[in-house]
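Colleague: So the sequence lines, in the order shown, correspond to chains A and B. By the count of this note's numbering, the first sequence reaches residue 114 at its end, each step adding exactly one. By the count of this note's numbering, the second sequence reaches residue 1311 at its end, each step adding exactly one. Backbone N, C-alpha and C fix where the C-beta goes; we use that ideal spot for every residue, glycine too.
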Amino acid sequence: MIRVLFFGPVAAQVNEHQMQLEFQVGLCLQDVVAQLQLRYPKAFELVCFTAVNAVQTHDMRLKLADHDEIAFMAKFSGG
Amino acid sequence: MLAAVRLQVEDFSVDQELAALRAGSMRMGGIATFIGCARDFSVQDFSTQKFSEECEVSEISFDAYDSMAVRAMNQLRKEAISQYQLLDARIVHRVGRVAAGEQIVLIATGAEHRAPALQACQWLIDELKQRVPIWKKEITPQGEVWVSPHP
């Protein structure tokens, strides 16, 4: 399984903080983005950063492994 | 002893943090602190999320990607110590609900001289806002709104 996390304003749009997606061999980050973007278009308008296993990435072709954790995040506003 | 970099729900003691900072070295000649506090007003319009007239804020709610945030804060501390030749630095940020008037974040930097301590303190809070995955929502009598980043 792939664990997907949402935070702050993105979580508010999705109405969930996390969900699980089925893992398939060859799955890449873009596949997950495309799938979720269709379901939650408004949430993905807010997404500025993506992290895999808590490390930010811009590589949408990144191959995912079973049990990976993906986070979709809006612009940060801490402090 | 409390970790130099932390996320926590409860309030923090500035005295305790400064004592911990000073305990590390007798060479410390300058200490700078930044304390971010929860304002009791906002200038965001709740329907358009654009700036308008002031309205009352009772609380701010913070959400964080804890593991990534702590890693990013530790990296910032390491970079600040190296870039500004600090003797030590501490970063504490609260999560969950913070009432208006309460403390949100503490940055404390210690160096042999005041200039690097002050510069590092400013650099750390500016970088924290850009690089640490934390989000805030203002809670007001008119509703709740996620805050767009601004200085």
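Mind checking residue 114 of chain A: buried by the 16 CB within 10 Å criterion, or exposed?
Modeller: So residue 114 of chain A counts as buried.
Colleague: Looking at the secondary structure, which residues open and close the alpha helix (DSSP H) in which residue 43 of chain A lies?
Modeller: Run containing residue 43 of chain A: 43-49, per the alpha helix (DSSP H) assignment.
Colleague: Taking residue 1203 of chain B as the reference, which of B:1195, B:1217, B:1246 has the closest Cα?
Modeller: Taking only the C-alpha atoms, the option nearest residue 1203 of chain B is B:1217.
Colleague: Check whether the Cβ atoms of residue 1237 of chain B and residue 1229 of chain B lie closer than 7 Å to each other.
Modeller: No; because the gap between Cβ atoms is not below 7 Å, this pair is not in contact.
Colleague: Can you list, in chain order, the residues of its chain with a C-beta nearer than 6 Å to that of residue 1195 of chain B? Leave out the 5 residues immediately preceding and following it.
Modeller: Counting only Cβ-Cβ distances below 6 Å, and skipping sequence neighbours, we find 1263, 1266.
Colleague: Locate the beta strand (DSSP E) running through residue 81 of chain A, then write down its first and last residues.
Modeller: Element bounds for residue 81 of chain A: not the beta strand (DSSP E) but the alpha helix (DSSP H), 76-81.
Colleague: Give the secondary structure of residue 1266 of chain B by DSSP, where H, G and I count as helix, E and B as strand, and everything else as coil.
Modeller: In this structure, residue 1266 of chain B counts as strand in the three-state DSSP scheme.
Colleague: Against residue 108 of chain A, what residues of chain B qualify as contacts under a CB-to-CB distance less than 9 Å, listed in chain order?
Modeller: The answer, in chain order, is 1225, 1228, 1293, 1295.
Colleague: Under 7 Å Cβ to Cβ from residue 46 of chain A, same chain only, skipping five residues before and after it: list those, please.
Modeller: Once the five neighbours on either side are set aside, the close Cβ partners of residue 46 of chain A are 52.
Colleague: Rounded to the nearest angstrom, what separates residue 58 of chain A and residue 68 of chain A at their Cα positions?
Modeller: So the alpha carbons of these two residues sit roughly 14 Å apart.
Colleague: Distance cutoff 7 Å, beta carbons only. Does residue 41 of chain A sit that close to anything in chain C?
Modeller: Absent here is chain C; the protein component of the structure consists of chains A and B.
Colleague: Roughly how many whole angstroms lie between the Cα atoms of residue 1259 of chain B and residue 1215 of chain B?
Modeller: Cα to Cα, residue 1259 of chain B sits roughly 15 Å from residue 1215 of chain B.
Colleague: Ordered along the chain, which non-local residues of its own chain (more than five positions away) have a Cβ less than 7 Å from that of residue 1244 of chain B?
Modeller: For residue 1244 of chain B, where only same-chain residues beyond five positions count, the Cβ hits under 7 Å are 1271, 1276, 1279, 1280.
Colleague: Considering only the beta carbon of each residue, do residue 1293 of chain B and residue 112 of chain A sit closer than 7 Å?
Modeller: Going by C-beta atoms, residue 1293 of chain B is not nearer than 7 Å to residue 112 of chain A.
Colleague: Using a Cβ cut-off of 7 Å, pull out every chain B residue sitting near residue 79 of chain A, in sequence order please.
Modeller: Within 7 Å Cβ-Cβ: nothing; residue 79 of chain A doesn't reach chain B, min ~15 Å.
Colleague: So what's residue 1171 of chain B in DSSP terms, helix, strand or just coil?
Modeller: Coil.
Colleague: What are the complete alpha helix (DSSP H) segments, minimum 4 residues, inside the segment 1197-1262 of chain B?
Modeller: Runs found: 1226-1244.
Colleague: By the criterion of Cβ-Cβ separation under 9 Å, what are the contact partners of residue 1288 of chain B in chain A?
Modeller: Within 9 Å Cβ-Cβ: 111, 113, 114.
Colleague: Based on DSSP bridge pairs, tell me the residues matched to residue 92 of chain A.
Modeller: Beta-bridge pairing links residue 92 of chain A to no other residue.
Colleague: Under a CB-based cut-off of 7 Å, is residue 1309 of chain B close to chain A?
Modeller: With 7 Å as the cut-off, residue 1309 of chain B counts as an interface residue toward chain A.
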